[in-house]
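Here is the structure we will look at.
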Amino acid sequence: MTVAHSRRFSTAVKPIDISLLSKQLLQLGRTSNSDTFSEISRQREQLVSSLISTLDDCAGLNQIKQVHGHVIRKGLDQSCYIITKLIRTLTKLGVPMDPYPRRVIEPVQFRNPFLWTAVIRGYAIEGNILEAISMYGCMRKEWITPVSFTFSALLKACGSVRDLNLGRQFHAQTFRLRGFCCVYVGNTMIDMYVKCGSIDCARKVFDEMPERDVITWTELIAAYARVGNMKSAAELFESLPSKDMMAWTAMVTGFAQNAKPQEALEYFNRMEKSGIQADEVTVAGFISACAQLGASKYADQAVQIAQKYGYSPSDHVVIGSALIDMYSKCGNVEEAVNVFESMKYKNVFSYSSMILGFAMHGRAQEALDLFHYMVTHTAVKPNTVTFVGVLTACSHTGLVDQGRQIFASMHQMFGVEPTRDHYTCMVDLLGRAGRLQESLELIKTMSVEPHGGVWGALLGACRIHNNPDIAEIAAKHLFEWEPDIIGNYILLSNIYASAGDWDGVLSVRKLIKKKGLKKTPAASWVVDKNGQMHKFFPGNMNHPMSNKIQKTLEELVERLTVLGYKPDLSSVTYDVNDDGKRLILIRHTEKLALAFSLLTTSRDSTIMIMKNLRMCQDCHTFMRLASEVTGRVIIMRDNMRFHHFRSGSCSCGDFW
DNA sequence: TTAGGGTTAG
Numbered sequence: 037m038t039v040a041h042s043r044r045f046s047t048a049v050k051p052i053d054i055s056l057l058s059k060q061l062l063q064l065g066r067t068s069n070s071d072t073f074s075e076i077s078r079q080r081e082q083l084v085s086s087l088i089s090t091l092d093d094c095a096g097l098n099q100i101k102q103v104h105g106h107v108i109r110k111g112l113d114q115s116c117y118i119i120t121k122l123i124r125t126l127t128k129l130g131v132p133m134d135p136y137p138r139r140v141i142e143p144v145q146f147r148n149p150f151l152w153t154a155v156i157r158g159y160a161i162e163g164n165i166l167e168a169i170s171m172y173g174c175m176r177k178e179w180i181t182p183v184s185f186t187f188s189a190l191l192k193a194c195g196s197v198r199d200l201n202l203g204r205q206f207h208a209q210t211f212r213l214r215g216f217c218c219v220y221v222g223n224t225m226i227d228m229y230v231k232c233g234s235i236d237c238a239r240k241v242f243d244e245m246p247e248r249d250v251i252t253w254t255e256l257i258a259a260y261a262r263v264g265n266m267k268s269a270a271e272l273f274e275s276l277p278s279k280d281m282m283a284w285t286a287m288v289t290g291f292a293q294n295a296k297p298q299e300a301l302e303y304f305n306r307m308e309k310s311g312i313q314a315d316e317v318t319v320a321g322f323i324s325a326c327a328q329l330g331a332s333k334y335a336d337q338a339v340q341i342a343q344k345y346g347y348s349p350s351d352h353v354v355i356g357s358a359l360i361d362m363y364s365k366c367g368n369v370e371e372a373v374n375v376f377e378s379m380k381y382k383n384v385f386s387y388s389s390m391i392l393g394f395a396m397h398g399r400a401q402e403a404l405d406l407f408h409y410m411v412t413h414t415a416v417k418p419n420t421v422t423f424v425g426v427l428t429a430c431s432h433t434g435l436v437d438q439g440r441q442i443f444a445s446m447h448q449m450f451g452v453e454p455t456r457d458h459y460t461c462m463v464d465l466l467g468r469a470g471r472l473q474e475s476l477e478l479i480k481t482m483s484v485e486p487h488g489g490v491w492g493a494l495l496g497a498c499r500i501h502n503n504p505d506i507a508e509i510a511a512k513h514l515f516e517w518e519p520d521i522i523g524n525y526i527l528l529s530n531i532y533a534s535a536g537d538w539d540g541v542l543s544v545r546k547l548i549k550k551k552g553l554k555k556t557p558a559a560s561w562v563v564d565k566n567g568q569m570h571k572f573f574p575g576n577m578n579h580p581m582s583n584k585i586q587k588t589l590e591e592l593v594e595r596l597t598v599l600g601y602k603p604d605l606s607s608v609t610y611d612v613n614d615d616g617k618r619l620i621l622i623r624h625t626e627k628l629a630l631a632f633s634l635l636t637t638s639r640d641s642t643i644m645i646m647k648n649l650r651m652c653q654d655c656h657t658f659m660r661l662a663s664e665v666t667g668r669v670i671i672m673r674d675n676m677r678f679h680h681f682r683s684g685s686c687s688c689g690d691f692w
């Protein structure tokens, strides 16, 4: 697979037929009526040129060698034009440069700057900066003056290896010899600085450019988006005089990537209103934004948009992968599976999204089966995200041994180095399984410094297994990494509370107050069939139906008690008496949302509840038993994952 | 000759 193709790839590979042109070439010279040698030569050059052009779509090294054979046989291996074209084709097809160009350019007697530039550019795209520079040296030795393309290629090479110093040198050299000769040289310069991580330098070039085009703007907008600076991106975008589809797409995907889905949708709508059509990339950004909103209303909208533009998931891998993720996040993992199965071409994004989808719905075995299928039956190579998915699947179901094996195999079998994210999964896996000490030992063996994620996973596990001693170690580190995240302090406070250590609770509360942090109120919400959202807050009895909700809950508690339900008072971390605890429990937001759904939806429909924080143990038991007595399927999404309650049991197998 | 890309854990 070529670099160029793998990026844009969504269509099937077309076989190419070079036989016809080859035959014509063989006949040429024998049957030609041309009188002069130069005429024959010109015809040959044209024919060979079109032969090379046929390779442009897709071809392999063998076909290129075949064509090169024709070139030599027809005596065109000295033609600068033909050889330049051949090298450009090699580059376009991603065929490794070495040892081709050196051998191919050798016979060319009069090498012009375009030939050299094609070679330099080929090495640049390959990321072989040493050869690119060496070729530039050879070119200068022949006293050939570089053209703007040449500098563009050299700057590209610096960008592809992220060599800022070298990039600066070529910037200076370009400027000395050519100045801002063309917009695209400036554009390449901006791209180089962006790739080297120096957005300020890129901005400086932008500001100094005498002339800019929409590409100049889009590059910088995308660069700001990539570093999470959507404010600057938006400012720049608004001052862009003529916005094209790529520029709009940069904004849509930028907002989607920076967890601002609502803004992404707004920009998408604005784009359509201004009469610009979306393409596959824009639609994928739109879908990603809908996925983050996690509501079926948006899922329907995303599907409509994809259909409107004619992008079916079966033929468009980017759309398909985005839809898998979206359906999973909206709670409809079955539909995610349907999309996955309908896709004609699947890549690592499709597999990883599906594996993560299974993982977040507690379907660990399917996640593992898919992973094993992928590595044994397809050519798709797992990447770092794939492993996050598989390890998450293991940790959410307590598959400690499988998780360990996969973690070890990452590097050994697949050459993927474990990152802090993978350690986070492992700490979570061991921690949830109650192996807190082992978890802590694993953190000590890490080759990179553990970050907030790792310590957070350990602290979370300490909450499940009520271990204040290890919690204190984790919290100490975690508070250094994430001093302003209130949830971490609440976690520690709850651990102290469960252990009856009210002094500990008090000290954490003081810390929170000192830092001026505000507690995130718990909230649950459901969306009715009209797309209307109903949000519930703890103990909030202001809802128009609150009397009915309360009555429904009381009745439900009675029915559940027959099945053995006892309020789990340890889920309440306030220092109040037992009656107070019972009252707090029955007014947990997800229970209010459940009662509302029971009152307002038909008996055969699935109930879908969303929550912004982790569900407590009592609510989990409550939902499980409620699914039994009511005969309803309840899907509950908390801040981490989905639980599917059906006939008295949960998809997580009560391990969560 | 230059631009936009979908999946990431506690």
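Numbered by our numbering, the letters in the first sequence go through residues 37 to 692 in order. Virtual Cβ for every residue (Gly too), placed ideally from N, Cα, C.
{"Asked": "Indicate the three-state DSSP secondary structure (helix, strand or coil) for ARG660 in the structure shown.", "Found": "helix"}
{"Asked": "Just checking, does the region 482-494 make contact with the region 453-461 on the three C-beta pairs under 8 Å criterion?", "Found": "yes"}
{"Asked": "Do CYS652 and the ligand ADP come close, with the Cβ less than 7 Å from some heavy atom?", "Found": "Absence of the ligand ADP from the depicted structure is noted, as is the absence of any ligand whatsoever, leaving it without description."}
{"Asked": "Taking DSSP's pairing of strands, which residues face ILE645 in a bridge?", "Found": "MET672"}
{"Asked": "Rounded to a whole number of angstroms, what is the C-alpha to C-alpha distance between ASP674 and ASN368?", "Found": "15 Å"}
{"Asked": "Reducing DSSP to helix, strand and coil, say where ARG262 ends up.", "Found": "helix"}
{"Asked": "For the region 365-425, list the alpha helix (DSSP H) runs that are entirely contained and at least 4 residues long, ordered along the chain.", "Found": "369-378, 384-396 and 400-413"}
{"Asked": "Would you kindly work out how many angstroms separate the C-alpha atoms of SER560 and GLY290, rounded to a whole number?", "Found": "28 Å"}
{"Asked": "Starting from PHE211, trace the alpha helix (DSSP H) both ways and give me its first and last residue.", "Found": "200-213"}
{"Asked": "Buried or exposed, going by whether 16 or more other CB atoms sit within 10 Å of the CB of GLU244?", "Found": "exposed"}
{"Asked": "Measure the C-alpha to C-alpha separation of THR410 and PHE206 and round it to an integer number of angstroms.", "Found": "Residue 410 is actually Met in this sequence, not Thr. If you take the alpha carbons of MET410 and PHE206, they lie about 44 Å apart."}
{"Asked": "My understanding is that LEU472 touches CYS498, with C-beta atoms under 8 Å, so please give their C-beta distance in whole angstroms.", "Found": "6 Å"}
{"Asked": "For the structure I just gave you, are there three or more beta carbon pairs, one from the region 429-449 and one from the region 461-471, closer than 8 Å?", "Found": "yes"}
{"Asked": "Would you kindly check if the distance between the Cβ of ALA295 and the Cβ of ALA258 is under 8 Å?", "Found": "no"}
{"Asked": "When you compare the CB positions of ALA270 and LEU301, do they come within less than 8 Å of one another, or not?", "Found": "no"}
{"Asked": "Taking a contact to mean a Cβ-Cβ separation below 8 Å, would you say LEU621 touches VAL608 in this structure?", "Found": "yes"}
{"Asked": "The beta strand (DSSP E) with ARG157 in it runs from where to where?", "Found": "Taken as a continuous stretch (DSSP letters only), ARG157 belongs to no beta strand (DSSP E), being part of the alpha helix (DSSP H) at 149-162."}
{"Asked": "For TRP179, which three-state DSSP category applies?", "Found": "coil"}
{"Asked": "Closest by CA to GLY523, which one among GLY439, GLY496, ALA189 and SER350?", "Found": "GLY496"}
{"Asked": "Just to confirm the assignment, what range does the beta strand (DSSP E) spanning LYS344 have?", "Found": "Premise fails: LYS344 lies in the alpha helix (DSSP H), 332-344, not in any beta strand (DSSP E)."}
{"Asked": "Under 8 Å, with one C-beta from each stretch per pair, do the region 643-663 and the region 593-607 reach the 3-pair mark?", "Found": "yes"}
{"Asked": "Would TYR610 be called buried (16 or more neighbouring beta carbons within 10 Å of its own) or exposed?", "Found": "exposed"}
{"Asked": "Smallest Cα separation from GLY222: which of LEU202, GLU255, GLY233 and SER196?", "Found": "GLU255"}
{"Asked": "On the criterion of 16 or more Cβ atoms from any shown chain inside 10 Å, does PHE146 qualify as buried, or is it exposed?", "Found": "exposed"}
{"Asked": "Go ahead and pull the three-state DSSP assignment for ARG682.", "Found": "strand"}
{"Asked": "Please state if the CB of ILE118 and the CB of VAL107 are separated by a distance shorter than 8 Å.", "Found": "yes"}
{"Asked": "Kindly provide the ranges of any beta strand (DSSP E) runs that are 3 or more residues long and lie completely inside the region 543-628, ordered along the chain.", "Found": "560-563 and 569-572"}
{"Asked": "If we count the other Cβ atoms within 10 Å of its Cβ and call it buried at 16 or more, is SER70 buried or exposed?", "Found": "Note that SER70 scores a pLDDT of 42, beneath 50, so its modelled location is shaky; the value from the coordinates is reported in the next line. Classification of SER70: exposed, given that the 10 Å Cβ count is below 16."}
{"Asked": "State the DSSP-derived secondary structure class of CYS655, mapped to helix, strand or coil.", "Found": "helix"}
{"Asked": "In this structure, how does DSSP classify LEU276 when only helix, strand and coil are distinguished?", "Found": "coil"}
{"Asked": "Between the Cα of ALA168 and those of SER196, TYR334 and ALA208, spot the shortest distance and give me the residue it belongs to.", "Found": "SER196"}
{"Asked": "Would you tell me roughly how many angstroms separate the C-alpha atoms of LYS384 and MET307, rounded to the nearest one?", "Found": "Reading off the sequence, residue 384 comes out as Val, not Lys. C-alpha separation (whole angstroms): 30 Å."}
{"Asked": "Tell me the residue span of the alpha helix (DSSP H) that contains ALA295.", "Found": "First-last for ALA295: undefined, no H or E at that position."}
{"Asked": "Around the Cβ of ASP615, are there at least 16 other Cβ atoms within 10 angstroms (buried) or fewer (exposed)?", "Found": "exposed"}
{"Asked": "Secondary structure at TYR117, three-state DSSP: helix, strand or coil?", "Found": "helix"}
{"Asked": "Excluding the 5 residues flanking SER389 on each side, which residues of the same chain have their C-beta closer than 6 Å to its C-beta?", "Found": "SER357, ILE360 and ASP361"}
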